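Below: the structure, in structure tokens.
Protein chains in written order, with the working numbering: chain A, 1 to 179; chain B, 180 to 365.
As structure tokens, then:
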């Protein structure tokens, strides 16, 4: 029976064995590593939007740091009240996995005041160095990992910028990809 | 026929194998059972530009007319416009009042006021004699925190205390000086 089993295997692996013999006459075994990598779906959800608050039209930049409690600084515009917060996202996937983030290099905010007009240019920034993120937990553990992403940026203001609420609801896209 | 020949060749090769050799064949099964590898989401971005904060002095801080004697004293102008005298100073009927400032800016925006951090010096118009103004107070009170620009406007009233010396120190005449207030969006 043992011989039959070997013969049976030989029938199915005949071609494979043939090639091995051709390449290396003394080959007597063929071993291959089995590899399986089952990973969870990589997802990103939004926890809050990006808001630069209120300020006056003086040439310069309003800068929001990409962190939980954002720091707002200015190189010109006089800061007023309002809610100044960084955008916040939660990335979920397989624990320990590496992924890359992608954000726009520049987006344009438009004055929503019908009598106002004008735009502001935002250069977004994110809290992961080199756009490289890593999910919490141990790689290969099979658990779910998360990472919180924050987006801030530098908003360019002109001395001639018109008063009003500036907004962009379509371009501030954050994309995450498994490495 | 060709398959049979290959099969026997394979058997021949196998017979050349050493006895102790264990043939292990692990079929490589690369599982690509992965979920979605990419995900994108969009955030909203907001910013609001408001009118610059301005402050205009509509009434100057004025201690009015008064007389004093050898000992001097104080004259207090309160933010509500009332005047009080201390020491040997005697008030004389005249116009007096707090400094009044109209602050304008974005509706419902809040702002802070910083009072002078020291006394202001008033100079006699003809001599180098001086008097000091201190104990600055405001309405709305600074200690209450930021104030709100209701409909974009807010009146701020400033009072203070004038220290008056003796006749010798402060001869009759007009004394004037300046002080600085800082208003800022909160």
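Note that beta-carbon positions come from the ideal geometry of N, C-alpha and C, so glycine has one too. Everything numeric in this text was worked out from a predicted model, so none of it was measured.
(message) Cutting at 7 angstroms between CB atoms, please list the residues of its own chain near residue 120/A, excluding the five before and the five after it.
(response) Hits under 7 angstroms: 109, 155, 156, 157, 161 and 166.
(request) Grab me the residues of residue 48/A's own chain with a C-beta within less than 7 angstroms of its C-beta, minus the 5 sequence neighbours each way, in chain order. (result) Closer than 7 angstroms at Cβ, skipping near neighbours: 85, 87 and 88.
(request) Would you mind stating whether residue 164/B and residue 235/B have Cβ atoms separated by less than 8 angstroms? (result) The structure shown has nothing for residue 164/B, since chain B only spans 180 to 365.
(message) What does the Cβ neighbour count give for residue 59/A, buried or exposed, with the cut at 16 atoms within 10 Å?
(response) The residue is exposed, with fewer than 16 neighbouring Cβ atoms inside 10 Å.
(message) Can you tell me whether residue 128/A is helix, strand or coil according to DSSP?
(response) Coil, per DSSP.
(message) According to DSSP, simplified to helix, strand and coil, what is residue 235/B?
(response) Judged by DSSP in its simplified three-state form, residue 235/B adopts strand.
(message) According to DSSP, is residue 67/A part of a helix, a strand, or is it coil?
(response) If DSSP states are grouped into helix, strand and coil, residue 67/A belongs with coil.
(request) For residue 364/B, decide whether its Cβ has a neighbour in chain A, counting only Cβ atoms nearer than 8 angstroms. (result) Yes, residue 364/B counts as interfacial toward chain A.
(message) For a contact defined as C-beta to C-beta under 7 angstroms, what are the partners of residue 150/A on chain B?
(response) By Cβ distance, chain B contributes nothing, its closest Cβ being about 11 angstroms from residue 150/A, past 7 angstroms.
(message) Please tell me whether residue 98/A has its Cβ less than 8 angstroms away from any Cβ of chain B.
(response) Chain B contact via Cβ: absent.
(message) What would DSSP say about residue 250/B, mapped onto helix, strand or coil?
(response) Secondary structure of residue 250/B (DSSP, three-state): coil.
(request) Please list, in chain order, all residues of the same chain as residue 116/A whose beta carbon is under 8 angstroms from its beta carbon, the five residues on each side excluded. (result) Its chain contains 162, 163 and 164 as the residues whose beta carbon lies nearer than 8 angstroms to that of residue 116/A, once the 5 sequence neighbours on both sides are disregarded; these appear in chain order.
(message) Are the CB atoms of residue 223/B and residue 177/A within a distance shorter than 8 angstroms?
(response) Contact check for residue 177/A against residue 223/B fails: the beta carbons are separated by 8 angstroms or more.
(message) Please classify residue 364/B as buried or exposed, where buried requires at least 16 other C-beta atoms within 10 Å of its C-beta.
(response) Buried.
(request) Just the chain B side, please: which residues come within less than 9 angstroms of residue 161/A by C-beta, in chain order? (result) Simply 228.
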